[in-house]
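Colleague:
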Amino acid sequence: YVWIGVALVYEEIEIVSSRTDIHPKFGSPYANSFDAAILELKAPAYRYNLQTEPTRVRLVDIHAHDAGAFTEGLFFHGDALVESTGLHDKSFIREYRLASPAPTGGGDDAAAERRGPPLPLKEFRFDARMFGEGVASIGDRLYALTYKDKVVLELSLRDFSLLRSHPLETTTGEGWGMTTDGQLLVVSDGSATIQFYDPRAGFRRVRTVDVHDRASGERLANVNELEFVPGEDEILANVWFRNHVLRINATDGGVLEVIDLAWVANMVSNLQSPALRRSGLRHDAVMNGIALHPVTKHVFVTGKLWDSIFELEFSTLAATKRRKKGTRDRSGQH
10 YVWIGVALVY EEIEIVSSRT DIHPKFGSPY ANSFDAAILE LKAPAYRYNL
60 QTEPTRVRLV DIHAHDAGAF TEGLFFHGDA LVESTGLHDK SFIREYRLAS
110 PAPTGGGDDA AAERRGPPLP LKEFRFDARM FGEGVASIGD RLYALTYKDK
160 VVLELSLRDF SLLRSHPLET TTGEGWGMTT DGQLLVVSDG SATIQFYDPR
210 AGFRRVRTVD VHDRASGERL ANVNELEFVP GEDEILANVW FRNHVLRINA
260 TDGGVLEVID LAWVANMVSN LQSPALRRSG LRHDAVMNGI ALHPVTKHVF
310 VTGKLWDSIF ELEFSTLAAT KRRKKGTRDR SGQH
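Under our numbering, think of the first position of the sequence shown as 10, with each following residue one higher.
#1: Within 10 angstroms of its Cβ, does Gln204 collect 16 or more other Cβ (buried), or is it exposed?
#2: Pull up the DSSP beta-bridge partners for Lys131, would you.
#3: For Thr94, name the three-state secondary structure that DSSP assigns.
#4: Which stretch, first to last residue, makes up the alpha helix (DSSP H) that contains Pro303?
#5: What's the C-alpha gap between Asp222 and Ala201?
#6: State the Cα-Cα distance for the pair Ala145 and Pro283, rounded to the nearest angstrom.
#7: What does the Cβ neighbour count give for Asp88, buried or exposed, with the cut at 16 atoms within 10 Å?
#8: In this structure, what does DSSP give as the bridge partners for Thr179?
#9: What residue from Leu83, Val232, Gly186, Tyr152 has the CA that sits closest to Arg209's CA?
#10: How would you call Gly184, buried or exposed, if buried means at least 16 neighbouring beta carbons within 10 angstroms?
#11: What span of residues does the alpha helix (DSSP H) with Leu285 cover, start to end?
#12: Less than 7 Å between the C-beta atoms of Thr94 and Ala108, yes or no?
#13: If we ignore side chains and look at the alpha-carbon of each, how far apart do Asp168 and Val69 end up?
#14: Enumerate in chain order the residues of its own chain whose CB-to-CB distance from Pro33 is below 8 Å, with the five nearest sequence positions on each side excluded.
#15: Between Ile257 and Val215, is the Cβ-Cβ spacing less than 7 Å?
#16: Under 8 Å by Cβ, that's how I've got Ala300 and Leu83 pegged, so tell me the actual separation to the nearest angstrom.
#17: Identify, in the order they occur along the chain, each residue of the same chain with its Cβ nearer than 6 Å to the Cβ of Gly262, setting aside the five sequence neighbours on each side.
#18: Among the candidates Ala224, Val161, Leu171, whose CA atom is the shortest distance from the CA of Ser197?
#19: Between the alpha carbons of Pro129 and Thr80, how many angstroms are there, rounded?
#20: Keeping to the same chain, check which residues put their C-beta closer than 7 Å to that of Phe135; ignore five residues upstream and five downstream.
#21: Given Tyr105, which residues of its chain have a CB within under 7 Å of its CB, disregarding the five upstream and five downstream residues?
#22: Under three-state DSSP, which class holds Asp70?
#23: Please report how far the alpha carbon of Arg173 lies from the alpha carbon of Glu62, in whole angstroms.
#24: Compute the Euclidean distance between the alpha carbons of Lys306 and Gly143, then round it to the nearest angstrom.
#25: Measure the C-alpha to C-alpha separation of Thr188 and Leu194 and round it to an integer number of angstroms.
#26: His221 bridges to which residues according to DSSP?
#27: Candidates Gly125, Phe323, Lys313, Phe212: which alpha carbon is nearest Gln192's?
#28: What did DSSP end up calling Ser317 once you bin it into helix, strand or coil?
#29: Give me the residue from Leu321, Leu171, Glu320, Val295 with the minimum Cα distance to Lys313.
#30: For Thr180 and Ser278, I'd like the C-alpha separation in whole angstroms.
#31: Would you tell me roughly how many angstroms separate the C-alpha atoms of Ala246 and Glu236, rounded to the nearest one?
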């Protein structure tokens, strides 16, 4: 009954899913979506040493996603998503727009359109020997990481044509996730270290921060996909093989909060499909991919080989949006 409620009436579900004491070697505190939903009814749990209210998560919508996409990077370019994927001979970058919700009474054609993954507006294919990783844009350039080639590709954001490649050294020799603060490329490499590179200065590494637990000081490794939150000096991050999102202080690397999204992963319909099991990649079909919509501030989350993208509202980001709107409204009165 609860599972059906979550699936069909998800607009009404708001979940407190935050904790600050999760170490990478430990699993999620929720066994399934039932536990996550019941948690909200019982108590505002998992606050631990938070100085503010924990982030509340509201499920806004579920969008179709290409179940063959081994997602490595995700961000919004205007109202379109740009997604990069991995695997040798299968890595690509695509730009596409999510389908609008099918109107009530739209019939089978409208429902089918919503179920199907969106068609790409443009696409870039990596060399077959390359394994694509994170992706980000600055100005009219698109930058794409590679896993073990130790290069970052520079493309035209307009048409995804390849312009050149640049050597890029990370602390592990690998590229994982990438985002931007608008000036620098912000890169993860599978360790606890997040690195900041200046593409205007030969991709010089400007600084690094170590992601760490604020209470114990322990470094938290396997940081993967990244999404910078403009104006907040904050980075949202996936952690490899974990169903939570970290809120990281971009200045010192301290983890502000761990937002548990195990209930989201439990709603992915194709994770137990025979096709995915036969592919030999079921173990790799983990949560990865965070995109912040520039207007609504909704957070779009997906995973490698998932058939869905989940549109979420984080209360912390919604509060920021309201605060900034209020500031603009007041300034307009003078």
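Positions of the beta carbon are idealized from the N, C-alpha and C atoms, including for glycine.
Modeller: Put simply:
#1: Taking the sequence shown and counting its residues from 1, one reaches residue 204 at position 195. By the Cβ neighbour-count rule, Gln204 is buried, with 16 or more other Cβ atoms within 10 Å of its own.
#2: Position 122 of the sequence shown, counted from the start, is the residue given in the question as residue 131. Lys131 is bridged to Glu104.
#3: Stepping through the sequence shown from its first residue, residue 94 is reached at position 85. Looking at Thr94 - three-state DSSP - the assignment turns out to be strand.
#4: The count along the sequence shown starts at 1 and reaches residue 303 at position 294. Here Pro303 belongs to no alpha helix (DSSP H), and DSSP marks it neither H nor E.
#5: In the sequence shown, the residue the question calls residue 222 occupies position 213. In the sequence shown, the residue the question calls residue 201 occupies position 192. Asp222 and Ala201: Cα-Cα distance of roughly 11 Å.
#6: Position 136 of the sequence shown, counting from 1, holds the residue named residue 145. Position 274 of the sequence shown, counting from 1, holds the residue named residue 283. Rounded to the nearest whole angstrom, the C-alpha separation of Ala145 and Pro283 is 34 Å.
#7: Taking the sequence shown and counting its residues from 1, one reaches residue 88 at position 79. The residue in question, Asp88, is exposed, as its Cβ has fewer than 16 Cβ neighbours within 10 Å.
#8: Stepping through the sequence shown from its first residue, residue 179 is reached at position 170. For Thr179, which the question treats as bridged, DSSP gives no partner whatsoever.
#9: Here residue 209 refers to the residue found at position 200 when the sequence shown is read from its first residue. For the residues Leu83, Val232, Gly186, Tyr152, the minimum Cα distance to Arg209 belongs to Tyr152.
#10: Numbered from 1 along the sequence shown, position 175 holds the residue referred to as residue 184. When all chains shown are included, Gly184 counts as buried.
#11: Sequence index remark: in the sequence shown, residue 285 carries index 276 (1-based). Its alpha helix (DSSP H) spans residues 283-288.
#12: Looking up residue 94 in the sequence shown gives position 85. Looking up residue 108 in the sequence shown gives position 99. For Thr94 and Ala108, no; Cβs fall outside 7 Å.
#13: The sequence position of residue 168 within the sequence shown is 159, counting from 1. The sequence position of residue 69 within the sequence shown is 60, counting from 1. Roughly 31 Å between the two C-alpha positions.
#14: Here residue 33 is taken as the residue at index 24 of the sequence shown, counted from 1. Note that Pro33 scores a pLDDT of 34, beneath 50, so its modelled location is shaky; the value from the coordinates is reported in the next line. Counting only Cβ-Cβ distances below 8 Å, and skipping sequence neighbours, we find Leu229, Ala230, Asn231, Val248, Arg251.
#15: Against the sequence shown, residue 257 aligns to sequence position 248. Against the sequence shown, residue 215 aligns to sequence position 206. Cβ atoms of Ile257 and Val215: not closer than 7 Å.
#16: Walking along the sequence shown from the start, residue 300 turns up at place 291. Walking along the sequence shown from the start, residue 83 turns up at place 74. Between Leu83 and Ala300 the Cβ distance is about 4 Å, and since that is below 8 Å, they are a contact.
#17: By one-based count along the sequence shown, residue 262 stands at place 253. The residues are Val218, Asp219, Val220, His221.
#18: The count along the sequence shown starts at 1 and reaches residue 197 at position 188. Selected option, being the one with the closest Cα: Val161.
#19: Within the sequence shown, numbered from 1, the residue matching residue 129 stands at position 120. Within the sequence shown, numbered from 1, the residue matching residue 80 stands at position 71. Distance from the CA atom of Pro129 to the CA atom of Thr80, rounded to whole angstroms, is 15 Å.
#20: Taking the first residue of the sequence shown as position 1, residue 135 is located at position 126. Once the five neighbours on either side are set aside, the close Cβ partners of Phe135 are Ser100, Phe101, Gly141.
#21: Within the sequence shown, the letter at position 96 stands for residue 105. Answer for Tyr105: Ala89, Leu90, Pro127, Leu128, Pro129, Leu130, listed in chain order.
#22: Translated into the one-based positions of the sequence shown, residue 70 becomes position 61. If DSSP states are grouped into helix, strand and coil, Asp70 belongs with the strands.
#23: Here residue 173 corresponds to residue number 164 of the sequence shown, with the count starting at 1. Here residue 62 corresponds to residue number 53 of the sequence shown, with the count starting at 1. Near 46 Å, if we compare the C-alpha coordinates of Glu62 and Arg173.
#24: Position 297 of the sequence shown, counting from 1, holds the residue named residue 306. Position 134 of the sequence shown, counting from 1, holds the residue named residue 143. Inter-residue distance for Lys306 and Gly143 is about 21 Å (C-alpha atoms, whole angstroms).
#25: By one-based count along the sequence shown, residue 188 stands at place 179. By one-based count along the sequence shown, residue 194 stands at place 185. Approximately 6 Å, taken between the alpha carbons.
#26: In the sequence shown, the residue the question calls residue 221 occupies position 212. According to DSSP, residue pairing for His221 in a beta bridge involves Arg228, Gly263.
#27: Here residue 192 corresponds to residue number 183 of the sequence shown, with the count starting at 1. Cα-wise, what sits closest to Gln192 is Phe212.
#28: For the purposes of this step, residue 317 is taken as residue 308 along the sequence shown, with counting starting at 1. Of the three classes helix, strand and coil, the one that applies to Ser317 here is strand, per DSSP.
#29: To locate residue 313, count along the sequence shown from 1; it is residue 304. When each option's Cα is compared against that of Lys313, the closest is Val295.
#30: Here residue 180 refers to the residue found at position 171 when the sequence shown is read from its first residue. Here residue 278 refers to the residue found at position 269 when the sequence shown is read from its first residue. Those two C-alpha atoms are separated by around 37 Å.
#31: As a first step, residue 246 is located in the sequence shown; it is residue number 237 there, counting from the start. As a first step, residue 236 is located in the sequence shown; it is residue number 227 there, counting from the start. If you take the alpha carbons of Ala246 and Glu236, they lie about 6 Å apart.
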